[in-house]
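Those sequence lines, one after another, are chains H and W.
Residue 1334 is where the first sequence ends in our numbering, and the numbering goes up by one at each step.
Residue 322 is where the second sequence ends in our numbering, and the numbering goes up by one at each step.
Note that CB positions come from ideal geometry on N, CA and C, so glycine has one too.
Note that the coordinates shown come from a computational prediction; the quantities given were computed from them, not determined experimentally.
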Amino acid sequence: MISAAPGQPNPVELSATALILRQRLVSTSAAAKIPHLGSCLSCVELLVALYWQELHVDPANPEDPDRDRFLLSKGHGAPILFQVLAERGFFPLERLDDFGKAGSVFHEHPPKPGYIPGIEAATGSLGHGLPMALGMALAARIQQRPSRCYALLSDGECNEGSIWEAALLAASQKVHTLTAIIDFNKWQATGRSQEVMALDPLAAKWEAFGWHAQEIDGHDLAAIAQALAAARAERERPSVIVAHTVKGKGVSFMEDNNNWHYRTPNPEELAAALAELEAA
Amino acid sequence: MRDAFASEMTALAAQRGDVTLLSGDIGNRMFDRFKEAAPERFLNCGIAEANMMSLAAGMALSGLRPVVYTITPFTTTRCLEQIRVGVAYHQAPVVIVGTGSGLSYAELGPTHHSLEDLAILRTLPGLNVLAPADSAELVAQLREALNAPRPTYMRIGKKGEPQLHGHDARLGIGKANLLRDGTDLLLVGVGPILSEALKAAEILTPSGISIAVASLGGVKPLDGAFLAAMAERFPRWLSLEEHGITGGLGSALLEWLADRDGPPNRLRRLGVPDQFLHELGNQAYTRGQLGLDAAGIEKSIRNAIKEQRK
């Protein structure tokens, strides 16, 4: 299977990349016993589209001040972000052999910058990443740099008041270089996100807050690319992409099963998951 | 102090292109000159302090030097987690300014008192925790903070506080000064309330009681060399802060003394008792009620000296 080269939107290769990432994610998480597999599997296509098509980032020069910024506001998705950064060349894949081991920097959440190339901010406490990305976008405006800023949120994260504080200010300041992407997998840690905090209609809420809002299938790479292009074309409002996703996507017995928020696969489950992913 | 802050910020904004001022919807006309000098670098973040603090961290990570300004409880405890994660953990060089600190807004009630900020914020690794006593100290610390590679919290007063430091004072972060020398007891404090300590020292002079008054400038970092010299000279200390008695300057000094290899020094703490305040008045009234005005401090000094002679 051939992984995609960055900047070349070849849908077949991008799908192949997504599949490779899922396989590595499931294997690594099983070995390291790191949870949040379901939350990682739901955002694979979103990350592939961002890192292979959208973001102006250079693994050889990860601190270029003009780079785009990507913040994983849903910091518990770190296991898949680490796989993405390794595959994209920010660090050798072998570094993930230490994932979850004592003394490693690769654990459940992204650490602060300086430890893992490509990580822009420490997240894990929900509701921090979007406001920090807003600060970075405002900084780029002041510094007259071309950087665009992206934050990937979970739907559960939209429970946090700070998300809506950031939404209001980004709209008043017309920060059109800021794009929020919501991995709307319909679950949070202990229940359906709609039942816990009545998020629906989520896209309409963002629109009411003054954002350019789009709703897409978050596993459709072409739709993601189109939505990101539309967000880039917006010159007035900040953009949100409400991406409808399936928690646990890609492994049938994990799909839409919230037990996989915390569980890690046993050897039989790992074998079954890999068999499915290899057959895909 | 507020005016000195605004005017220094304006000067700094004109001198350098990275200084950015974030306000939590306060200081109505106060920043007009800043806005003229650097309109693109003033941002009213609204009444949304959690977002403001994370946003400041993001700006600092992108190379700006943001200064976050609002009333003390709202720029500290309201958004503590954003300070802990965004600012302190990232070592994002943000300057957090709490205005109207301590009992400056006494009559506004406990929602606007800040009697916990020093205690809570000094637990965060890598954060300077400052409490300048006058405008000169504020300006010196602000300048230094904006060049420091680490974040700083600074609690300031309101308007019209007297200048307490002389022209020869060594002002900055972690720099202590003797405001007056004496022989019988060392009163060591932070913030504008030191003016009451100086008055108390004057009141005691005719009784033959000689008090040294030290201004520490903050609770983190402490000026270890200065404190060590004072510990050799004064066996008896009295700490003074417009802050709760738990966890602030007095506690920091007790920790410093306990960790030190040397003869024991006895420290008594003056501050706001461990309670919320319900019967309200202005700052002067409240200080008087709590024994934190010159007369109350005088009494505490006399007690400490009596204790010493026992």
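For residue i, the three-state DSSP class (helix, strand or coil)
| i | result |
| --- | --- |
| L1068 (chain H) | helix |
| I38 (chain W) | coil |
| D180 (chain W) | coil |
| L197 (chain W) | strand |
| L385 (chain W) | Nothing in the structure corresponds to residue 385 (chain W), since chain W is present only between 13 and 322. |
| C91 (chain W) | helix |
| Y101 (chain W) | helix |
| S1247 (chain H) | helix |
| S126 (chain W) | strand |
| H1266 (chain H) | strand |
| K311 (chain W) | helix |
| Q175 (chain W) | coil |
| L33 (chain W) | strand |
| R366 (chain W) | In the structure displayed, chain W extends from 13 to 322; residue 366 (chain W) sits before or after that span and is not available. |
| G203 (chain W) | coil |
| G236 (chain W) | helix |
Residues near residue i in its chain [Cβ-Cβ closer than 6 Å; skip 5 each side]
| i | result |
| --- | --- |
| A50 (chain W) | A25 |
| V99 (chain W) | A69, V106, P163 |
| S1208 (chain H) | K1128, D1237 |
| H1315 (chain H) | G1092, A1243 |
| L1095 (chain H) | G1302, K1303, G1304 |
| R299 (chain W) | D305 |
| V1102 (chain H) | L1068, T1071, A1072 |
| L261 (chain W) | V202, V231, S251, E253 |
Span of the beta strand (DSSP E) around residue i
| i | result |
| --- | --- |
| C1094 (chain H) | Not the beta strand (DSSP E): C1094 (chain H) falls in the alpha helix (DSSP H), residues 1091–1095. |
| S1208 (chain H) | 1203–1208 |
| I83 (chain W) | 77–83 |
| S227 (chain W) | 223–227 |
| I108 (chain W) | 107–111 |
Contact set for residue i: own chain, Cβ-Cβ below 8 Å, skip 5 residues either direction
| i | result |
| --- | --- |
| P1171 (chain H) | P1113, P1116, L1139, F1144, F1145 |
| L1328 (chain H) | Q1077, V1080, S1081 |
| I1088 (chain H) | T1082, P1133, F1153, G1154, H1161, E1162, T1318 |
| Q1268 (chain H) | A1257, A1281, A1284, A1285, S1293, V1294, I1295, V1296 |
| A226 (chain W) | A188, N189, L190, L191, L198, L199, V200, G201, F238, M242 |
Terminal residues of the alpha helix (DSSP H) in which residue i lies
| i | result |
| --- | --- |
| A1327 (chain H) | 1321–1333 |
| R45 (chain W) | 44–49 |
| I1217 (chain H) | 1215–1226 |
| L24 (chain W) | 14–27 |
| R1195 (chain H) | 1183–1197 |
| A1234 (chain H) | Run containing A1234 (chain H): none in the alpha helix (DSSP H); it sits in the beta strand (DSSP E), 1232–1238. |
| V231 (chain W) | No alpha helix (DSSP H) contains V231 (chain W), which is instead part of the beta strand (DSSP E) from 230–232. |
| E1099 (chain H) | 1098–1103 |
Whole-Å CB distance - residue i paired with residue j, under 8 Å assumed
| i | j | result |
| --- | --- | --- |
| F86 (chain W) | E61 (chain W) | 5 Å |
| Q1242 (chain H) | L1192 (chain H) | 29 Å between Cβ atoms; not a contact. |
| L234 (chain W) | A209 (chain W) | With a Cβ gap of about 18 Å, L234 (chain W) and A209 (chain W) do not count as contacting. |
| P1119 (chain H) | R1199 (chain H) | 6 Å |
| I95 (chain W) | L136 (chain W) | 7 Å |
| C57 (chain W) | S35 (chain W) | 7 Å |
| S66 (chain W) | S1293 (chain H) | Contact flag wrong, Cβ pair sits at about 19 Å. |
| H1266 (chain H) | R1246 (chain H) | Not a contact, Cβ separation roughly 27 Å. |
| R45 (chain W) | T82 (chain W) | In fact, because the Cβ distance is near 19 Å, the residues do not count as touching under 8 Å. |
| P1167 (chain H) | W1106 (chain H) | No, P1167 (chain H) and W1106 (chain H) are not in contact; Cβ-Cβ is about 22 Å, not under 8 Å. |
| L342 (chain W) | M242 (chain W) | Lying outside 13 to 322, the shown extent of chain W, residue 342 (chain W) is not represented and no answer is given. |
| L158 (chain W) | V31 (chain W) | 6 Å |
| L76 (chain W) | I1196 (chain H) | 6 Å |
Neighbourhood of residue i by C-beta, 7 Å cutoff - its chain only, sequence neighbours within 5 removed
| i | result |
| --- | --- |
| P1065 (chain H) | L1275, A1276 |
| S1083 (chain H) | L1091, P1133, T1318 |
| V1159 (chain H) | P1165, Y1169, I1170 |
| T84 (chain W) | G110, T111, G112, S113, S126, D129, R167 |
| L216 (chain W) | I223, E310, I313 |
| A1220 (chain H) | L1184, P1185, L1188 |
| S1069 (chain H) | L1275 |
| L1232 (chain H) | A1187, L1188, A1191, C1203, A1224, P1292 |
| F1124 (chain H) | L1104, L1109, E1174, Y1204 |
Heavy atom of the ligand GDP within 6 Å of residue i beta-carbon
| i | result |
| --- | --- |
| W1314 (chain H) | Questions concerning the ligand GDP fall outside what the structure shown contains, since it holds no ligand whatsoever. |
CB contact check: residue i to chain C, cutoff 7 Å
| i | result |
| --- | --- |
| E1141 (chain H) | Absent from the structure: chain C. Protein chains present are H and W. |
Whole runs of the alpha helix (DSSP H) within the segment 1116–1171 of chain H, excluding any shorter than 4 residues: Runs of the alpha helix (DSSP H) lying entirely within the segment 1116–1171 of chain H and spanning at least 4 residues, in chain order: 1132–1141.
Going along the chain, which unbroken runs of the alpha helix (DSSP H) with 4 or more residues stay wholly within the segment 240–302 of chain W? 261–270, 295–301
Extract the residue ranges of the beta strand (DSSP E) inside the segment 1284–1309 of chain H, only unbroken runs of 3 or more that lie entirely within it. 1293–1298
Secondary structure, beta strand (DSSP E): runs of 3+ residues fully inside the segment 133–158 of chain W: 140–142
Please list the segments of the alpha helix (DSSP H) lying wholly inside the segment 53–77 of chain W, counting only runs of 4 or more residues, in order along the chain. 61–73
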